[in-house]
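The sequence shown begins at 18 in our numbering and counts up one residue at a time.
All C-beta atoms in this analysis are idealised placements derived from N, C-alpha and C, irrespective of residue type, glycine included.
Report on one structure; see the data block that follows.
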Amino acid sequence: MRLICELRPCVAFMRRHLFGVSGNGIGIGNVIGNVKATPKRLMSGKTYNVPPSSEFVARVSGIATMAKLPYQDTAEGLDAAFIGVPIDTGTSNRPGTRFGPRQIRAESVMLRSYSATGAAPWESMMVADIGDVNVNLYDLKDACKRIRETYRKVVATGCIPLTLGGDHTIAYPILQAVAERHGPVGLIHVDAHADTGDVTLGSKITHGTPFRRCVEEGLLDCKRVVQIGLRGTGYTPDAYSWSREQGFRVVRAEECWYKSLVPLMTEVRAQMGKGPVYLSFDIDALDPAYAPGTGTPEIAGLTPMQGLEIIRGCRGLNLVGCDLVEVSPPYDTTGNTALTAANLLFEMLCVLPKTKHY
18 MRLICELRPC VAFMRRHLFG VSGNGIGIGN VIGNVKATPK RLMSGKTYNV
68 PPSSEFVARV SGIATMAKLP YQDTAEGLDA AFIGVPIDTG TSNRPGTRFG
118 PRQIRAESVM LRSYSATGAA PWESMMVADI GDVNVNLYDL KDACKRIRET
168 YRKVVATGCI PLTLGGDHTI AYPILQAVAE RHGPVGLIHV DAHADTGDVT
218 LGSKITHGTP FRRCVEEGLL DCKRVVQIGL RGTGYTPDAY SWSREQGFRV
268 VRAEECWYKS LVPLMTEVRA QMGKGPVYLS FDIDALDPAY APGTGTPEIA
318 GLTPMQGLEI IRGCRGLNLV GCDLVEVSPP YDTTGNTALT AANLLFEMLC
368 VLPKTKHY
């Protein structure tokens with residue numbers, strides 16, 4: 018009996034600091050009535066944010082932040098941050114991606130602390146959700162300006178942004194800010210579409226043009242650009258000739274059918290080298306059987322397993338930013354698209370340079 022009494026304070030400490038629950042079983046993060054704002058974990062003399070475990074805190078409770086992380090309004094003190102960019106003004110087909118960040122956050126309550134790869138991001142990085150960019154839904158050029166200015170502030174702190182889109186237009190202003198800090202970056206672009214168009218209905222800024230604009234402004238190291246999963250009907254016999262002319266490596270979806278992409282990613286890592294790399298993942302790279310909730314679906318795409326292989330294959334690269342774009346909840350009736358997106362974003366976090374692995 019005496020032993021049990023002596024152990025009780027230890028158990029209470031573990032419940033508070035390791036599992037994110039107070040003595041009465043209520044989670045310390047985002048739940049009404051708590052004294053502390055967020056659970057913390059002490060590792061190697063440093064304290065890190067730790068999402069409350071669903072073993073002790075109901076998944077449906079609290080405010081919906083990414084992975085139930087704490088919210089803060091700046092990137093100060095963070096190694097990485099989740100940021101929403103809720104815009105679909107650049108969309109050419111089905112709208113709805115303005116609701117993407119909110120739905121991805123809602124589905125992210127299923128995430129736990131460790132990846133199947135042994136990655137333990139909460140044990141080695143300070144991470145938080147810093148909310149959404151205040152975009153202008155009526156003026157795409159002004160929206161891009163707002164995005165660029167927000168990301169300049171984020172990357173200036175040394176924080177690595179992980180973006181919840183939003184349509185793919187947002188990659189352009191984000192890369193403007195990232196390249197301003199790091200210089201021209203390598204790009205791993207996973208998508209059904211090349212997004213290298215020039216002008217659409219008189220507009221040079223749309224979700225189909227971001228990477229042409231990036232090339233024009235010298236934001237990309239074109240010899241370190243790979244586009245994976247491209248497919249679908251085209252406007253010309255070779256829809257990807259412009260990409261190849263710039264020096265991009267183009268990997269069409271047909272080249273990925275029926276196979277693991279681990280060997281491909283070995284080649285991609287060699288291509289990227291030690292320089293800064295940005296990862297841009299359009300959810301429509303996946304076949305619409307797995308990710309129907311998107312604006313411009315194309316048949317015969319990648320599988321979620323191949324998506325994981327691509328992201329996990331980025332481990333060891335000097336990643337300086339990532340995005341997951343084009344989730345459109347109105348067309349995602351089961352929530353599977355947003356759930357997949359949430360998991361892919363967590364996997365991106367797990368391959369950042371500072372992530373601890375067991």
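Alpha-carbon to alpha-carbon, residue j and residue i
i: T217; j: T223; result: 7 Å
i: A81; j: D238; result: 37 Å
i: D184; j: D340; result: 10 Å
i: Y65; j: Q193; result: 30 Å
i: G246; j: P346; result: 22 Å
i: K63; j: L325; result: 30 Å
i: V77; j: G352; result: 15 Å
i: S39; j: R241; result: With a pLDDT of 32 at S39, under the threshold of 50, the modelled position of this residue cannot be trusted; read the value that follows with caution. The straight-line gap from Cα to Cα measures roughly 49 Å.
i: V144; j: P87; result: 8 Å
i: G225; j: P69; result: 39 Å
i: T106; j: I121; result: 19 Å
i: G148; j: T108; result: 22 Å
i: S71; j: Q89; result: 22 Å
i: D255; j: A270; result: 14 Å
i: N41; j: V67; result: Confidence at N41 is low in this model, with a pLDDT of 31, below 50, so its placement is unreliable and the value that follows should be read with caution. Distance between the alpha carbons of N41 and V67 is about 19 Å.
i: F99; j: N335; result: 18 Å
i: K276; j: T180; result: 29 Å
i: T250; j: Y257; result: 11 Å
i: V337; j: L369; result: 8 Å
Reference residue i; option with closest CA among the options
i: G290; options: S220, F363, P190, V202; result: V202
i: K371; options: F73, P138, T106; result: P138
i: H374; options: A133, R229, V172; result: A133
i: Y155; options: I104, R286, T320; result: I104
i: E234; options: Y189, S220, A359; result: Y189
i: R332; options: I205, V172, V152; result: I205
i: D159; options: R286, I187, L181; result: I187
i: R198; options: C231, V171, R269; result: V171
i: G264; options: A270, K276, F228, M282; result: F228
i: L362; options: R329, T350, N335; result: R329
i: L236; options: Y252, E166, R269, V195; result: V195
i: K57; options: E343, E140, A308; result: E140
Residues sharing a beta bridge with residue i, DSSP
i: I100; result: T180
i: N66; result: K57
i: K373; result: A137
i: V144; result: A97
i: Y88; result: D146
i: V267; result: Q244
heavy atom of the ligand GDP below 8 Å from residue i C-beta
i: L325; result: Looking at this structure, you won't find the ligand GDP or any other ligand, since it has none at all.
Is it a yes or a no for the stretch 120–133 touching the stretch 204–213, going by three-plus beta-carbon pairs under 8 Å? no
Runs of alpha helix (DSSP H) lying entirely within the stretch 173–254, each at least 4 residues, in chain order: 188–199, 227–233
Check whether the stretch 91–104 and the stretch 170–190 are in contact - that is, three or more C-beta pairs closer than 8 Å. yes
Take every Cβ of the stretch 279–298, pair it with every Cβ of the stretch 312–319, and state whether three or more of those distances are shorter than 8 Å. no
Runs of 4 residues minimum, wholly inside the stretch 284–362: which ones carry the alpha helix (DSSP H) assignment? 321–329
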